[in-house]
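Okay, structure first, notes after.
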Amino acid sequence: MTENNGHTKGNPARTSWGRVRFGARTVPAMVPAIPAGGLLAVLAAAAATLAGFSPQRPLLGAGVVAALMMLPLTALAWAFLVDRDSLKGAAARPEESVESRWYDASAAGAFHDLLTLAGLGTAVLFLTPLDIDGPVALLAVLVAGMLSMGVRYTVNRRRG
C-alpha cells in the first residue's frame, strides 16, 4: 500500500515555505522570491545612490544598501508570491478567524483613539503658543496609533 502524504497530482503536499503556481505547475516559493528580492535590493541601492546616499563613496553605499535590503525585500517578494494553500498550518479562511475579529475590533478602536488625539492636539496647538514641527507631530500620531493598536489587540486577545 502506498502513502500519498496529503498530495495528489493536482494538490502538492503543504510545505513550511510554500509553493508558487505558474499555470498548472508549481515551484518552491523561494525559487522566484530570492531573485526578485535581489532585483528589488539592487533597485533600492540604485535609488539610494541617485538620492545622494553616501556621496563620497557611492559604490560602497550602494553595496551596503543592497546588502541590508536583500533579506527584507526577499521576504516581501515571498509574501506576495506564495500560494497560501501550499503552506503548512495556514488557515483555510483567515478572514473568518478569531484573530481577524480581534484585529478588526482593535483597528476600529485605534482609529477612534487617533481621531480623539488629533482633535485634542489640534485644539491644544490652536489655543496655546506651542510650536511643533510637522514631522514631529506626525511621528507622535504614528506612535500613538501603533501603541493604541497594540494595546487593544493584546486586550482583545486576552479576553478571547
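Each residue of the sequence shown is one higher than the one before, starting from 5 at the first, in our numbering. Even for Gly, the Cβ is constructed at its ideal location relative to N, Cα and C.
Quiz item: Is it true that the region 74-87 meets the region 38-50, where meeting means three or more beta-carbon pairs spaced less than 8 Å apart?
Solution: yes
Quiz item: Quick one: what's Asp87 bridged to in DSSP?
Solution: Position 83 of the sequence shown, counting from 1, holds the residue named residue 87. Partner(s): Arg23.
Quiz prompt | Buried versus exposed, by CB contacts within 10 Å (16 or more), Thr78 | solution = For the purposes of this step, residue 78 is taken as the residue at position 74 of the sequence shown. It is buried - the Cβ of Thr78 has at least 16 other Cβ atoms within 10 Å.
Quiz item: Since Pro32 is in the beta strand (DSSP E), which residue starts that stretch and which ends it?
Solution: Stepping through the sequence shown from its first residue, residue 32 is reached at position 28. It spans Arg29 to Pro32 - the beta strand (DSSP E) in which Pro32 sits, taken as one unbroken run.
Quiz item: With distances taken from CA atoms, which of Gly138, Pro32, Asp89 and Ala114 is nearest Leu149?
Solution: In the sequence shown, the residue the question calls residue 149 occupies position 145. At residue 149 the sequence reads Gly, which differs from the Leu that was named. For the residues Gly138, Pro32, Asp89 and Ala114, the minimum Cα distance to Gly149 belongs to Ala114.
Self-check item: Beta-carbon spacing of Leu33, Arg23 below 8 Å
Solution: Start at 1 with the first residue of the sequence shown, and residue 33 comes out as number 29. Start at 1 with the first residue of the sequence shown, and residue 23 comes out as number 19. First, the amino acid is wrong: residue 33 is Ala here, not Leu. Contact flag set, yes.
Practice problem: Please report the residue range of the alpha helix (DSSP H) in which Glu103 lies. | Solution: Here residue 103 refers to the residue found at position 99 when the sequence shown is read from its first residue. Its alpha helix (DSSP H) spans residues Val102 to Leu131.
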